[in-house]
Amino acid sequence: QRFPVVVVGAGPAGLTVGNILRAASVDCLVLETETRQFIEQRPRAGVLEEWAVRGLQRRVLADTLLERAQRHTECEFRFAGERYRFEYTRLTGVHHWVYPQQLLVTDLVREYADVRGGAIRFGVRDVRPHDLDTDHPTVSYTCPETGRREVVHCGFVAGCDGARGATRTALPAGRAHISRSDYGIGWLALLAEAPPSSDCVLFGMHPNGFAGHMPRSADVTRYYLECPPGDAPENWSRDRVWEELQLRLGANGAPPLTEGRLIEKRVLDMHNYVVEPMVFGRLFLAGDAAHLTAPIAAKGMNLALHDAFQLGDGLVAQLTKGDDTALDGYSAACLGRVWDYQEFSHWLSEVYHGTSSGDPYRAGTTLARLRRILGSPTAAMAFAEQYLGKNAEY
Ligand code: RFL
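Following the UniProt record's numbering, the numbering of the sequence shown begins with 16 at its first residue and continues without gaps.
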C-alpha cells in the first residue's frame, strides 16, 4: 500500500487535513482507532471562533455548520451574588459559534469519505510510524478484520491522534522539547439533558469553586464544576451536582438552573503541554497531539483547526507544486497562536479559580481582574480580543 500522506487520527484536525488534501486530488489514508459511529457521537468541545469557521467555509466544509450553529454574542460573569453581562460582539463586531464537536466531526467525515472519496480505516490497532527521518517513512497498524499487521508507505505522516495518541511518543528523546504546566485543579465535566438556563455562557466564581454553563443545543447543556484533581465522578451524585451548580451559578435576579438527567460525568485534570518543534523529519503533529490546552478558555478545537489549515495547505503546496515554503514554516506558523492561547488560558484560570483558592490575596487579585474587565473599556476590549481569538484569514 502506498499513499502520499497518512493521517493518524480522525478528529477535527485529521479530518480537516484529509479534506484539504482530497479537494486538491491528493490521496491520503486516515487511520482511526475508534469506529465511525463512536467518533460521530463523542461529545467534547462546542465553541468555534469566527476565523476558524471562515477557514472551514473557504474550504467548503461549513455548509451544514452555518445552517445549524448558534451565534453567541455575549457571556455573563457571576460572582459575589451578582451577575454581569459582557457584550463582546457589541465591543468588537466579532462573535463565537457554538456547534457541538461531534456534529463537526460527522460533517467532516461524511465530506471526506462519502463525498470526496477519501480512504479511511476505522478500528485499527497499534498504529506505529517508522523511518520518520528518512524520505520514505511507513506507518504500520493491525487490521481489525484480519488481525494482520499492515504496512503503508508514504511521503508524509500527519500526527493528528490527540492527547493520548501514538505519534507524539514516536518523537525520539532530545529531538523535541515538551513544556508542561499543571493547574493542580480538576473540572467535573457534565452534559445535562436539560435546555440551557441562559441564552449565553455563564462563568461562576464562588468560594466553593468555579462553575460554568455552556449551551450546546436546545435540549443539551454542558456544565463544569471545579473539583479536586483526580476526583472520582461517583463522588458527585445527581443531587450534589445540581446543588453545587445552583449555588455557584446563583445570582441576584437570576432564575434557578433548569435541571435534567446527567448524560456525561467525567473528571478532567487541568493541564497543558506544548511540543516544540511540531515537526520531526516527515512527521507533522497537529492539534492535541502537538499541544494541549485545558478547556478553561475553549481553545483546543480552534487550535486543532488552525494547525490543520496550515498543514493541509502546506502538504498540498509540496505535493502538487514541489513548494516546501509552508511546510518549512509550519511549526513557527502554529506555535505563535498556540503560545498566545496558552498564556490567555493561564490568565483566565486565575480569574476562575482565585476566588476558591483559599488564599485571600489571590481572591483579591481575581476580583480586581474581573472589575477591570467590567469597568475599563480598554481592558474589556483587550479581554474580548483574546476571548474571541486573533481574527485573521486562513
Ligand atoms: P481529537 O479530537 O482527540 O482526535 C484525535 C483522534 O485520534 C484518534 N486516535 C488514534 N487514531 C489512530 N491511532 C492512535 N494511536 C490513536 N489515538 C487516538 C482518536 O480516537 C480521535 O478520533 O484531537 P484533535 O483533532 O487534535 O482535536 C482536538 C479537540 O478534540 C480538543 O482540543 C477539544 O475537544 C478540546 N476541548 C474544547 N476545545 C474548544 O476549542 N472548545 C471547547 O469548548 C472545548 N471543550 C474540550 C472541551 C475537550 C474536552 N475533553 C473531553 C478533553 C470539553 C471537553 C470535555
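Glycine residues also receive a C-beta, built at the ideal position from the N, C-alpha and C atoms.
**Report entry** Buried or exposed by the 16-neighbour rule on C-beta atoms within 10 Å, applied to Ala67
**Finding:** buried
Query raised in the report: Comparing alpha-carbon positions, which option in Gly132, His306 and Leu363 lies nearest Ile388?
Result: Leu363
Query raised in the report: In the DSSP assignment, what residue or residues form a beta bridge with His306?
Result: Val289
Query - C-alpha gap between Glu126 and Asn34, whole angstroms - result: 7 Å
Query raised in the report: Three or more beta-carbon pairs under 8 Å between the segment 279-289 and the segment 194-202, yes or no?
Result: yes
Query raised in the report: What are the boundary residues of the beta strand (DSSP E) that Trp251 is part of?
Result: No beta strand (DSSP E) contains Trp251, which DSSP labels as neither H nor E.
Report task. Determine the DSSP secondary structure at residue 425, reduced to helix, strand or coil. Result -> Past the edges of the chain, shown from 16 to 409, lies residue 425, and the structure says nothing about it.
Query raised in the report: At what residue ranges does the segment 224-286 contain a whole run of the alpha helix (DSSP H), taking only runs of 4 or more?
Result: Entirely contained in the segment 224-286, the alpha helix (DSSP H) runs reaching 4 residues are, in chain order, 253-263.
Query raised in the report: In three-state terms, what does DSSP make of His110?
Result: Note: His110 maps to coil in three-state DSSP.
Report task. List the endpoints of the continuous alpha helix (DSSP H) containing Gly180. Result -> Unbroken run through Gly180: none, as it is neither H nor E.
Query raised in the report: Using a threshold of 7 Å, is the CB atom of Pro310 nearer than that to any non-hydrogen atom of the ligand RFL?
Result: Yes, the beta carbon of Pro310 sits closer than 7 Å to at least one heavy atom of the ligand RFL.
Query raised in the report: Between which two residues does the beta strand (DSSP E) containing Leu203 stretch?
Result: His192 to Glu208
Query raised in the report: Can you give the Cα-Cα distance for Glu279 and Arg237, rounded to whole angstroms?
Result: 9 Å
Query - Cβ neighbours of Glu55 in the same chain (closer than 8 Å, five flanking residues each side left out) - result: Gln117, Val120, Thr121 and Val124
Query raised in the report: Can we count Leu46 as close to the ligand RFL, meaning its CB is less than 7 Å from some heavy atom?
Result: yes
**Report entry** Extent of the continuous beta strand (DSSP E) to which Leu44 belongs
**Finding:** Cys43 to Leu46
Query raised in the report: Which two residues bound the contiguous beta strand (DSSP E) that contains Tyr402?
Result: Per DSSP, Tyr402 lies in no beta strand (DSSP E); the unbroken alpha helix (DSSP H) holding it starts and ends at Pro392 to Leu403.
Query raised in the report: Between which two residues does the beta strand (DSSP E) containing Ala128 stretch?
Result: Looking at the DSSP string, Ala128 is not in any beta strand (DSSP E), and its letter there is neither H nor E.
Requested in this report: In the DSSP assignment, find the unbroken beta strand (DSSP E) run with Ala19 in it and report its ends.
Outcome: It should be noted that the sequence gives Pro, not Ala, for residue 19. Looking at the DSSP string, the run of the beta strand (DSSP E) that includes Pro19 is Arg17 to Val23.
Query raised in the report: Is Asn317 near the ligand RFL, with its Cβ less than 7 Å from a heavy atom?
Result: yes
Query raised in the report: Who does Met220 pair with in a DSSP beta bridge?
Result: Phe94 and Phe225
**Report entry** Leu81 burial status per 10 Å Cβ neighbour count (16 or more: buried)
**Finding:** exposed
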